[in-house]
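Here our numbering = 1-based position in the sequence shown + 34. Where a beta carbon is used, it is the ideal one built from N, C-alpha and C, also for glycine.
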Amino acid sequence: MGVSDERARRIAGGKFRCSSCGLPQDRVPTLEQDWVLLEPELTVLAHRVPAEYRWIALPDGRVTVYGVCPPDPFQRCRIEHRLACAAQSLPDLWPWLTMVRVENGRKAERQESEESTRLRQVELPDAG
Ligand SMILES: [Zn+2]
Numbered sequence: 035m036g037v038s039d040e041r042a043r044r045i046a047g048g049k050f051r052c053s054s055c056g057l058p059q060d061r062v063p064t065l066e067q068d069w070v071l072l073e074p075e076l077t078v079l080a081h082r083v084p085a086e087y088r089w090i091a092l093p094d095g096r097v098t099v100y101g102v103c104p105p106d107p108f109q110r111c112r113i114e115h116r117l118a119c120a121a122q123s124l125p126d127l128w129p130w131l132t133m134v135r136v137e138n139g140r141k142a143e144r145q146e147s148e149e150s151t152r153l154r155q156v157e158l159p160d161a162g
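Right under this line is the structure:
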């Protein structure tokens, strides 16, 4: 979650321009002595964001991941620009949902091959 140089270019006013889409991002220090590029002027209710992607501001201006589960229903958080960037693909936000999608992909493949087998069996008597 650290700032990678190829994804950010410093612009005037201490902001950083996203090298993927060109929009400005807020470069904010984290509690872990690192930096994170946050989407400017956007706060979201924490429960709408996966726990490991919620950033909340501390009184000293740094931010930290708000991993409390279940989150306070009124807690708001910030998100990284890369999640909101139209030019970057989304990371695996919900691993359990990705597993469901992978499993459904396998099911769909199996169903397709079973159906094509059944079709061949139906066609065989007519073929003769
Ligand atoms: Zn971007």
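May I ask you to verify whether the region 70 to 83 touches the region 109 to 125, counting CB pairs closer than 8 Å and requiring at least 3?
Contact between the region 70 to 83 and the region 109 to 125 is present, because at least three Cβ pairs lie under 8 Å.
So, helix, strand or coil for E148, using DSSP?
Helix at E148.
Measuring CB to CB, does D63 end up less than 8 Å from R88?
The residue you asked about is not Asp; residue 63 is Pro in the sequence shown. Contact: no.
State the start and end residues of the unbroken beta strand (DSSP E) segment that holds R61.
58 to 63 is the extent of the beta strand (DSSP E) around R61.
Any residues whose CB sits closer than 5 Å to a heavy atom of ligand 1? List them in chain order?
Every residue passing the under-5 Å Cβ criterion appears here: C52, S54, C55, C119.
Figure out for me which residue from N138, D94, R44 has the closest Cα to the Cα of R61.
Closest option to R61, Cα to Cα, is R44.
Entirely within the region 102 to 126 and at least 4 residues each: give me those alpha helix (DSSP H) ranges in chain order.
DSSP runs (the alpha helix (DSSP H)) wholly in the region 102 to 126: 115 to 118.
Which value, in whole angstroms, describes the spacing of the CA atoms of P58 and A121?
One C-alpha to the other measures close to 13 Å.
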